[in-house]
Amino acid sequence: MIEYSMQDSTMNPNNSSAETIDDKQFYQLGSHLLHSIEVALEAADDALDLDLDVERQGGNVINIRFKDKSVIVVNTQPPLHEIWVAAKSGGYHYRWAGTMAKPLWLDTKTGKELLSDLSEFATAQAGAEIKVILI
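Residue numbers are given in my numbering: position 14 of the sequence shown equals residue -2, and the series is strictly consecutive.
1) Beta carbon of Ser54, beta carbon of Gln109: below 8 Å?
2) Taking all protein chains shown into account, decide if Ala31 is buried (16 or more other Cβ within 10 angstroms of its Cβ) or exposed.
3) Give the straight-line distance between the Cα atoms of Glu104 and Leu13, rounded to the nearest whole angstrom.
4) So is Arg40 buried or exposed if we call it buried at 16+ other beta carbons inside 10 Å?
5) Quick one: give me the first and last residue of the alpha helix (DSSP H) that Glu3 is part of.
6) Sort Glu113, Ser73 and Leu34 by Cα distance to Phe50 and report the nearest one.
7) Among all the DSSP beta bridges, which residues are the ones paired with Asn47?
8) What's the C-alpha gap between Ile117 and Gly82?
9) Starting from Gly74, trace the beta strand (DSSP E) in both directions and tell me its first and last residue.
10) Just grab the DSSP bridge partners of Ile67 for me.
11) Mapping the DSSP letters down to three states, classify Leu99 as helix, strand or coil.
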């Protein structure tokens, strides 16, 4: 497995403090991540009356439908140990770069952090500020 960490906001496969994770840990981390996303979006919807539809499909996919009919899809990719996000702004692949104590998923192209990106994408598509955090 290739590990990545942040260095000058870019991915660097040669300098990593990430813990290697196995399939079971990926499943646990992915499940926790998806649950956190659901909770954050449902809380934002309740607080801001955004008319969001947050739907879990098949256990590893979340479809987030916005009032303007746009969608964000978040899903786990177990064979690759990645989280994929499809939003209006494009498609993104996030690879594990954290530790069990400090989970971190970074975009394989930009090095940006998953929850920060997802908050930005959801805010843009909802027209109101949404903050997605791990619970």
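For each residue, glycine too, the CB sits at the ideal point set by N, CA and C.
From the atom records:
1) yes
2) exposed
3) 22 Å
4) exposed
5) Counting along the chain, Glu3 falls outside any alpha helix (DSSP H), and DSSP gives it neither H nor E.
6) Leu34
7) Glu39 and Val57
8) 15 Å
9) Gly74 to Trp80
10) Thr60 and Tyr78
11) helix
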